[in-house]
Amino acid sequence: MILLRALVALAILWTTNAHADINLLKENKCDQCHRVSISDDEKNEAPDLFYAGEKFQESWLREFLTNPNNIRPNGYSGRNDFPKAIEPKAHPALNAKVADAVANVLLTLKLQPAGKSIEFGEPLTRGKKVRAKILFERNFSCSACHKGINLARKPHGGVSGPSLFNAGNRLQQQWIFDWLKSPEKYRKKGRMPRFQLDDETAIKLVKYIMTLKKENMK
Amino acid sequence: MTKTWQKIFGLSFLLLFTNTACTSDTEESALNEPPPIVAEPPAAEPYVPAPEEAKPVQVTQKTRDTYQWYCSQCHGVEGKGDGMNALHLAVPPRNHTKADYLGTRTNQHLFDAIKLGGLAVGRAPCMPAWGNTLADEEITGLVNYIRELCQCEGA
Chain A
1 MILLRALVAL
11 AILWTTNAHA
21 DINLLKENKC
31 DQCHRVSISD
41 DEKNEAPDLF
51 YAGEKFQESW
61 LREFLTNPNN
71 IRPNGYSGRN
81 DFPKAIEPKA
91 HPALNAKVAD
101 AVANVLLTLK
111 LQPAGKSIEF
121 GEPLTRGKKV
131 RAKILFERNF
141 SCSACHKGIN
151 LARKPHGGVS
161 GPSLFNAGNR
171 LQQQWIFDWL
181 KSPEKYRKKG
191 RMPRFQLDDE
201 TAIKLVKYIM
211 TLKKENMK
Chain B
219 MTKTWQKIFG
229 LSFLLLFTNT
239 ACTSDTEESA
249 LNEPPPIVAE
259 PPAAEPYVPA
269 PEEAKPVQVT
279 QKTRDTYQWY
289 CSQCHGVEGK
299 GDGMNALHLA
309 VPPRNHTKAD
319 YLGTRTNQHL
329 FDAIKLGGLA
339 VGRAPCMPAW
349 GNTLADEEIT
359 GLVNYIRELC
369 QCEGA
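Residue numbers (the working numbering), protein chains in the order written: chain A, 1 to 218; chain B, 219 to 373.
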């Protein structure tokens with residue numbers, strides 16, 4: 001009985017906390033541009049944050065909030081006037097203390113229910129990486145719209161999709177997998193083609209994307 | 219340029235580009251693998267050309283919006299091959315307002331290129347397969363729209 005009461009109390013605490021959490025994002029005006037909850041009206045000016053806890057790597061997120069860098073050189077592709085390139089404005093930066101609290105909140109935001117959990121195993125060996133690069137640059141045309149890293153170790157590729165040349169530090173591999181398998185879980189309609197990838201191919205692509213890190217560039 | 223030279227030139231272009239990656243420099247050794255199946259082959263639902271007397275084919279607003287939403291990323295808002303990705307690709311996106319090349323292609327070829335991607339029809343691997351994103355009717359609409367843009371008919 002005591003246990004049950006403790007559980008109930010904990011549950012109440014947790015739900016109220018969750019609300020306080022979203023409020024912190026609102027206090028900092030994140031919701032002016034971003035959707036911070038799945039029930040928010042669709043926003044087209046900036047990428048959604050209501051699943052930030054499964055999308056971003058923690059260290060990248062903390063760094064971005066204090067010291068933001070550009071990811072989408074022509075602005076967010078959800079914009080209705082998107083094919084028209086814009087000069088994106090610098091992202092608002094937070095001071096270290098606020099950034100810390102905001103990151104703590106963002107890291108709790110996840111979609112329910114979670115997708116099936118994948119065992120990714122070891123990072124790609126050199127030989128496998130070469131093959132996976134071909135999937136990325138040739139078979140599936142990913143680099144037509146995304147910047148990766150070329151053999152000269154420079155960022156290279158299209159600019160309509162978010163840059164991926166630092167995705168290995170930025171994104172979680174399970175999220176990339178879920179995105180490739182079912183993008184509609186995250187947003188009704190994007191501009192990226194859908195690929196009916198089997199798990200094995202999707203895992204190869206994910207593991208290739210995870211090798212893309214800015215420290216591997218010249 | 220003579221016809222033969224044009225042919226040789228065109229052919230070597232084709233060979234050059236169909237064997238490389240979309241944007242850079244994938245190592246040769248691993249290139250000789252067959253491409254994985256990206257979308258189902260179109261055999262089940264072949265392209266049905268509009269009947270002769272129905273010309274000019276009406277292009278719906280929905281088709282124009284579909285072109286703007288997806289295709290303009292590479293082919294540009296006016297279809298001139300100057301979308302925002304164009305400068306970053308090894309093979310420039312097709313200019314859909316030019317009849318010289320498009321007039322030599324059948325509607326079926328354009329349909330297949332959109333549905334299955336460039337690689338599957340022996341063209342540049344930069345062109346992704348849209349067969350899992352767009353329904354066959356939508357792709358047919360896009361073929362008709364490209365015909366309107368190039369002011370040319372299928373071969």
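Note that the Cβ used here is the ideal one computed from N, Cα and C, for glycine as well.
{"Item": "Cβ distance (whole Å) where residue 143 of chain A is taken to contact residue 241 of chain B below 8 Å", "Value": "4 Å"}
{"Item": "Chain-order list of residues whose beta-carbon lies under 7 Å from that of residue 70 of chain A (same chain, five-residue window excluded)", "Value": "88"}
{"Item": "Own chain residues within Cβ distance below 8 Å of residue 306 of chain B, not counting five before or after", "Value": "241"}
{"Item": "Where the segment 274 to 304 of chain B meets chain A: residues whose CB sits under 7 Å from a CB there", "Value": "286, 287, 288, 290, 291, 292, 295, 301, 302, 303"}
{"Item": "Under 8 Å from the C-beta of residue 350 of chain B: neighbouring residues of chain A", "Value": "193, 194, 195, 196"}
{"Item": "Residues bridged to residue 171 of chain A [DSSP beta-bridge criterion]", "Value": "A:56"}
{"Item": "Residue 204 of chain A burial status per 10 Å Cβ neighbour count (16 or more: buried)", "Value": "buried"}
{"Item": "Chain-ordered neighbours of residue 104 of chain A on chain B, where CB pairs are closer than 8 Å", "Value": "Ordered by position in chain B, no residue passes the 8 Å Cβ test against residue 104 of chain A, which lies about 36 Å from the chain."}
{"Item": "Partners in chain A for residue 359 of chain B, counting only beta-carbon separations shorter than 7 Å", "Value": "The premise fails here: residue 359 of chain B is roughly 17 Å from chain A at the closest Cβ pair, so nothing lies under 7 Å."}
{"Item": "C-alpha gap between residue 201 of chain A and residue 125 of chain A, whole angstroms", "Value": "16 Å"}
{"Item": "Unbroken alpha helix (DSSP H) run spanning residue 207 of chain A, endpoints", "Value": "199 to 210"}
{"Item": "Under 7 Å (Cβ pairs) to chain B, residues found in the segment 144 to 178 of chain A", "Value": "144, 145, 150, 151, 156, 157, 158, 159, 160"}
{"Item": "Contact belief for residue 291 of chain B with residue 138 of chain A at Cβ below 8 Å, rounded distance in angstroms", "Value": "That pair is no contact at about 18 Å."}
{"Item": "Nearest residue (CA-CA) to residue 213 of chain A, options A:171, A:187, A:175", "Value": "A:171"}
{"Item": "Short CB-CB distance (under 8 Å) between residue 22 of chain A and chain B", "Value": "no"}
{"Item": "Closer than 9 Å at the beta carbon, the chain B residues around residue 39 of chain A", "Value": "In chain order: nothing, as chain B lies at least about 25 Å away."}
{"Item": "Chain B contacts from the segment 82 to 99 of chain A (Cβ-Cβ distance under 9 Å)", "Value": "82, 83, 84, 85"}
{"Item": "Residue ranges of each alpha helix (DSSP H) within the segment 119 to 160 of chain A, 4 or longer", "Value": "126 to 134"}
{"Item": "Inter-stretch contact (C-beta, 8 Å, three-pair minimum) for the segment 151 to 167 of chain A and the segment 99 to 117 of chain A", "Value": "no"}
{"Item": "Alpha-carbon spacing of residue 368 of chain B relative to residue 317 of chain B, whole angstroms", "Value": "5 Å"}
{"Item": "Members of the segment 308 to 319 of chain B that neighbour chain A once the beta carbon cut-off is set at 9 Å", "Value": "311"}
{"Item": "Per-residue burial, residue 220 of chain A [other beta carbons within 10 Å of its own, 16 or more giving buried]", "Value": "Only positions 1 to 218 of chain A appear in this structure, which leaves residue 220 of chain A out of reach."}
{"Item": "The segment 275 to 284 of chain B touching the segment 347 to 366 of chain B, judged by at least three CB pairs closer than 8 Å", "Value": "yes"}
{"Item": "Nearest-angstrom Cβ-Cβ length linking residue 28 of chain A and residue 98 of chain A, presumed shorter than 8 Å", "Value": "7 Å"}
{"Item": "Chain A contacts made by the segment 330 to 348 of chain B, where a contact means CB separation under 8 Å", "Value": "335, 336, 337, 343, 344, 345, 346, 347, 348"}
{"Item": "Cβ neighbours of residue 157 of chain A in the same chain (closer than 6 Å, five flanking residues each side left out)", "Value": "143, 146, 147, 148"}
{"Item": "Endpoints, the alpha helix (DSSP H) within which residue 290 of chain B is located", "Value": "290 to 293"}
{"Item": "Whole-Å CB distance - residue 347 of chain B paired with residue 193 of chain A, under 8 Å assumed", "Value": "7 Å"}
{"Item": "The segment 31 to 40 of chain A touching the segment 53 to 71 of chain A, judged by at least three CB pairs closer than 8 Å", "Value": "no"}
{"Item": "Chain-order list of residues whose beta-carbon lies under 6 Å from that of residue 313 of chain B (same chain, five-residue window excluded)", "Value": "298, 299"}
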